[in-house]
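Numbering-wise, numbering that gives the first Met the number 0 puts 108 at position 109 of the sequence shown, and it's gapless, one number per residue.
In this text, a Cβ means the ideal position worked out from N, Cα and C, and glycines have one as well.
What follows is a short report on a single structure.
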Amino acid sequence: MNKSLRGWLMLALTASVLLPWHAQEAGFWGGEWLHAGWPGNDTTAAALWQVLGLQRFGLLPLLLWPVAVGLVCLAPLPRRTQGAALCGLALAALGWLAWLGWGPAGTGLPGLGWGALLFSASAVFVLTTGAAWMGACRGDVFVCGVIGMLVALVGLFVMFPVLRVLASAFEQGTGFSLQAAWARVADGRIWSLGCISGTRRCGVAWNTMFLALCTAAGATLLGLCFALVVTRTSFRFKRILRALTVLPIITPPFVIGLALILLFGRSGVVSAWVSQAFDVPAGRGLYGFYGVWLAQLLSFTPIAFMVLIGVVEGVSPSVEEASQTLGGDRWTTFWRVSLPLMRPGLANAFLVAFIESMADFGNPMVLGGNYGVLSTEIYFAIVGAQNDGGRAAGLGLILLVFAVSAFLAQRHWLGNKSYTTVTGKADNGQHVGLDRRLSAVLAVIATLWTSFTLVLYGMILAGGFVNQWGRDNSFTLRHYASAFGIEAGEHGLRWVGTAWDSLFTSLMIAGVSAPLTAALGLTAAWLLVRQRFAGKAAFEFATMLSFAIPGTVIGISYILAFNMPPIELTGTAAILVLCFVFRNMPVGLRGGMAAMSQLDRSLDEASTMLGANSFTTARRVILPLMRPALSAALVYSFVRSITSISAVVFLVSAKYNMATAYIVGLVENGSYGIAIAYSSALIVVMLVIVLAAQSLVGKRRLRRVERVEGAAPAPVFSLKVES
């Protein structure tokens with residue numbers, strides 16, 4: 000018996016004999032069970048005491064399981080036979096655990112606690128050890144163990160919630176009904192086309208689809224415009240334009256909507272001026288499709304820009320020079336040569352903006368008015384008077400179909416063509432400049448957009464310093480004092496501001512989830528790039544599924560999957576951490592795969608020839624060379640954990656309330672001053688974190704001469720699009 004297997008068996012014994020088998024009321028991290036009659040109390044008893052004292056004999060096979068595993072390891076059998084026996088025992092233990100949790104035997108019992116959790120982990124690693132002894136992964140126990148851990152985690156926290164939300168759409172009472180599912184997804188309020196005839200509004204599905212298409216098209220065109228301005232022209236304000244691309248990453252998704260209200264709302268600056276100058280009463284034209292569309296354009300255009308700029312810069316100058324050699328002018332070269340090579344970037348930018356628009360909850364909540372979309376309908380189906388989880392699941396299923404359809408359409412549009420232009424050979428050509436008329440038009444658009452964005456963020460910063468925007472614009476600090484007040488007392492400082500609890504909770508949750516996200520993402524990248532195993536393509540699809548699904552659906556799926564035993568997590572910090580980890584993990588995964596693909600396999604081979612195993616090679620050779628990808632994954636996951644709203648708006652609780660959910664509550668209550676002050680503070684906090692991390696994140700350097708006079712280098716935070 001090797002050392003690692005001995006350790007997992009000891010862990011299983013400890014979990015069975017000493018640790019609470021069922022979940023505790025104080026949560027996973029509460030230690031009250033040590034003082035609540037442990038180990039013989041009904042709620043804190045370990046598996047051994049539950050069998051002996053409570054006659055729960057269903058746990059008896061699990062108590063005998065470590066003994067059986069030990070006997071197999073000590074038996075004089077061939078290693079392959081021992082491996083097969085270990086796999087059988089591990090599968091039997093996991094199957095019995097599932098039966099106890101989800102079967103009739105688990106009815107009425109609390110959720111699984113530390114004992115069951117650690118016992119399950121031991122069973123998984125015994126299974127992977129047996130598979131390695133049978134020859135899987137060339138007999139590498141470490142690689143098999145990592146695969147088993149990731150498959151179990153992705154299956155439990157990605158696939159299971161998604162399947163649960165799909166099944167919930169078919170539930171009716173205690174059974175399943177196709178008729179009930181059809182009634183939920185075919186409701187006239189969802190698919191109505193009454194707006195065409197003018198008799199009534201269109202359904203929320205068509206509203207969502209139309210809004211997402213308009214936003215994706217506009218954001219992609221504007222993103223391409225700005226990428227061309229930065230890389231192919233001598234635009235004077237390139238640095239400002241690049242700086243603005245970071246702001247949407249660190250800005251809560253509904254803050255743009257608040258800024259638009261300060262400008263164009265009924266008490267907004269522009270509305271007040273128009274009303275006084277032309278004696279026109281202020282209307283509600285901002286609230287509806289056009290207001291939401293404008294807010295989403297401003298929010299998602301910089302993200303499309305970050306997707307596209309790497310692709311625009313990556314077009315080989317030599318192919319453009321070849322076009323000019325063959326007689327093509329600047330416009331022909333751009334339209335017939337350069338633009339077709341940017342198709343992967345255009346497709347990915349459109350897809351990202353499309354999914355982000357469908358998942359957007361904050362802007363439609365603030366500016367939607369009577370223009371309903373699926374994300375807000377899902378929210379009101381759960382927290383409103385309806386409290387209809389089945390309807391929310393049906394709406395989530397429609398969102399999922401839309402997102403997957405967009406993904407498949409993108410794959411079909413790109414086809415199997417090759418768009419590779421960056422090779423290992425030096426490419427010292429010079430990019431062809433844009434047509435003068437096109438450059439002028441792009442420069443005007445970029446100038447207007449930059450100016451408007453700066454005005455919006457100026458409104459955000461200024462809005463927290465006035466008493467009541469549009470009515471009493473006198474200077475005040477009361478909003479900041481209310482949100483972030485501090486008092487000195489006999490026992491030291493007291494954080495009396497209303498925003499401190501949610502801010503501290505957000506920082507804590509993000510601080511825990513960020514390293515876990517980076518670790519799991521880079522580990523999965525190492526497996527997908529460096530290892531070969533059965534089901535590799537399916538595993539990669541499963542890891543990317545949570546990123547392709549709108550955040551609203553992810554939030555619903557976690558409520559449905561983890562609201563009841565055996566895995567009861569709602570209302571805890573754990574469900575927020577898990578949601579962020581598996582929601583953001585694909586970003587670390589793709590970044591890690593991109594970075595690792597640049598590391599030659601000879602490094603691994605050299606380490607192996609010097610006697611290192613897979614774990615030592617990954618720790619001592621691969622990981623130090625991936626520090627830029629690690630830093631980028633940490634920063635992205637930390638920031639997104641604080642600024643996310645669509646997924647966590649359903650998962651927060653009174654004890655664990657996130658900053659963005661708290662701000663949405665302020666907006667719903669009409670407390671715009673405190674909401675704007677809190678949003679401004681949150682932007683500053685995130686900006687400090689991003690700027691502090693820039694020195695740790697590398698940037699891509701291509702061996703080319705400067706291609707356009709006055710062009711600035713590539714941004715530090717860019718999304719690399721692989722073709």
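Do residue i and residue j have their C-beta atoms within less than 8 Å of each other?
i    : j    : result
T516 : G462 : no
G112 : A22  : yes
G368 : Y286 : yes
D139 : S613 : yes
E376 : L399 : no
M657 : I508 : yes
F234 : A442 : yes
A358 : S645 : yes
V306 : V351 : yes
F579 : S636 : yes
S356 : A211 : yes
V157 : F253 : no
G114 : W48  : no
A524 : M608 : no
V440 : V511 : no
Going by other Cβ atoms of all chains shown within 10 Å of its Cβ, with 16 needed for buried, is residue i buried or exposed?
i    : result
A97  : exposed
F175 : exposed
V164 : buried
R5   : exposed
P77  : exposed
T250 : buried
W330 : exposed
P247 : buried
W272 : exposed
F101 : According to the sequence displayed, residue 101 carries Trp and not Phe. Answer is exposed; the Cβ neighbour count stays below 16.
V687 : exposed
W181 : exposed
M341 : buried
G610 : exposed
F474 : exposed
K698 : Any reading at K698 needs caution, since the residue's pLDDT is 48, under 50, leaving its predicted position unreliable; the model's value is listed next. It counts as exposed.
S545 : buried
L8   : buried
Q295 : buried
Just confirm the distance between the C-beta atoms of residue i and residue j, as a whole number of angstroms; I'd bet it's less than 8 Å.
i    : j    : result
M736 : L262 : What the structure shows of the chain is the stretch from 0 to 722, and residue 736 is not part of that stretch, so it cannot be assessed.
L526 : L149 : 7 Å
A14  : L117 : 4 Å
G222 : A348 : 5 Å
E486 : V495 : 5 Å
N583 : G371 : Not a contact, Cβ separation roughly 28 Å.
T232 : I308 : No, T232 and I308 are not in contact; Cβ-Cβ is about 13 Å, not under 8 Å.
A405 : F353 : 5 Å
G361 : G256 : 7 Å
V648 : V663 : 7 Å
G110 : P564 : 4 Å
L665 : A674 : 4 Å
G731 : I381 : With the chain represented from 0 up to 722, any question about residue 731 goes unanswered, as that position is not in the structure.
A258 : L455 : 4 Å
L126 : A91  : Not really, about 10 Å apart at Cβ, beyond 8 Å.
A445 : L220 : Going by Cβ atoms, the distance from A445 to L220 rounds to 12 Å, so no, they are not a contact pair.
F159 : A560 : 6 Å
L633 : I558 : No, L633 and I558 are not in contact; Cβ-Cβ is about 28 Å, not under 8 Å.
L93  : S119 : 7 Å
Look up residue i in the DSSP assignment and give the residues it is bridged to.
i    : result
D471 : Q467
W494 : I485
H21  : L111
F175 : E170
C86  : According to DSSP, C86 bridges with nothing at all.
C201 : L192
Quiz item: Hey, which unbroken runs of the alpha helix (DSSP H) at 4 residues or more fall wholly within the segment 600-634?
Solution: 601-608 and 613-616
Quiz prompt | Complete runs of the alpha helix (DSSP H) confined to the segment 236-320 [at least 4 residues] | solution = 237-249, 254-263, 268-277 and 288-313
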